[in-house]
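Quick note: the sequence shown uses our numbering, first residue -9, plus one each step. Think of the CB as a built atom: it goes at the ideal place given N, C-alpha and C, for glycine as much as any other residue.
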Amino acid sequence: MFIEVLKSKIHRVTVTEADLDYIGSITIDAALMEASGIIENQKVEIYNITNGERFATYAIKGERDSGVIGINGAAAHKAHVGDLIIIAAYATMEFEEAKNWHPEVIFPKDNHLR
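What follows is the structure, encoded as structure tokens:
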């Protein structure tokens, strides 16, 4: 049996950009992506702490150490500059493997690694 478990989480970052005219996705500082184990084009879930919205999109790499968190395309209706969000990615694995799995969770300060 396979189950889906949390793989990666960037906990409580602030949206710095929202661009309705962009094709779609979320732009994430490359350093945050690497630290959390999220890769470019990976599906991610966004949980908006500020307004309760939840949506899925895919990650694109932003400039390293810029602190950028950009909500692009139609999702820019669901998160605005200044909103506090959580970015989560999941993985599918065997049940027994999942019992011992530990996700990579980071807690950035002001959208930067400490």
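Under three-state DSSP, which class holds residue i?
{"i": "serine -2", "result": "strand"}
{"i": "glycine 52", "result": "strand"}
{"i": "alanine 88", "result": "helix"}
{"i": "histidine 67", "result": "helix"}
{"i": "leucine 22", "result": "helix"}
What's the call for residue i, buried or exposed, on a 16-neighbour Cβ count within 10 Å?
{"i": "alanine 71", "result": "The residue you asked about is not alanine; residue 71 is valine in the sequence shown. Exposed, since its Cβ has fewer than 16 Cβ neighbours within 10 Å."}
{"i": "glycine 60", "result": "buried"}
{"i": "threonine 82", "result": "exposed"}
{"i": "glycine 42", "result": "exposed"}
{"i": "threonine 40", "result": "exposed"}
{"i": "methionine -9", "result": "exposed"}
{"i": "lysine -3", "result": "buried"}
{"i": "alanine 69", "result": "buried"}
{"i": "lysine -1", "result": "buried"}
Relative to the C-alpha of residue i, which candidate in the options has its C-alpha closest?
{"i": "aspartate 9", "options": "Glu24, His1, Val3, Val58", "result": "Val58"}
{"i": "glycine 63", "options": "Phe(-8), Ile50, Leu74", "result": "Ile50"}
{"i": "isoleucine 28", "options": "Phe97, Ile77, Asp100", "result": "Ile77"}
{"i": "lysine 99", "options": "Asp73, His1, Phe(-8), Val34", "result": "His1"}
{"i": "tyrosine 12", "options": "Ala69, Ala65, His102, Thr6", "result": "Ala65"}
{"i": "arginine 54", "options": "Asn90, Ala21, Thr4", "result": "Ala21"}
{"i": "threonine 47", "options": "Leu103, Ile16, Ser56", "result": "Ile16"}
{"i": "phenylalanine 45", "options": "His67, Gly52, Pro93", "result": "His67"}
Assuming residue i contacts residue j (C-beta within less than 8 angstroms), just tell me the rounded distance between them.
{"i": "alanine 88", "j": "valine -5", "result": "5 angstroms"}
{"i": "proline 96", "j": "alanine 25", "result": "Here residue 96 turns out to be isoleucine, not proline, going by the sequence shown. Contact holds; Cβ gap of about 5 angstroms."}
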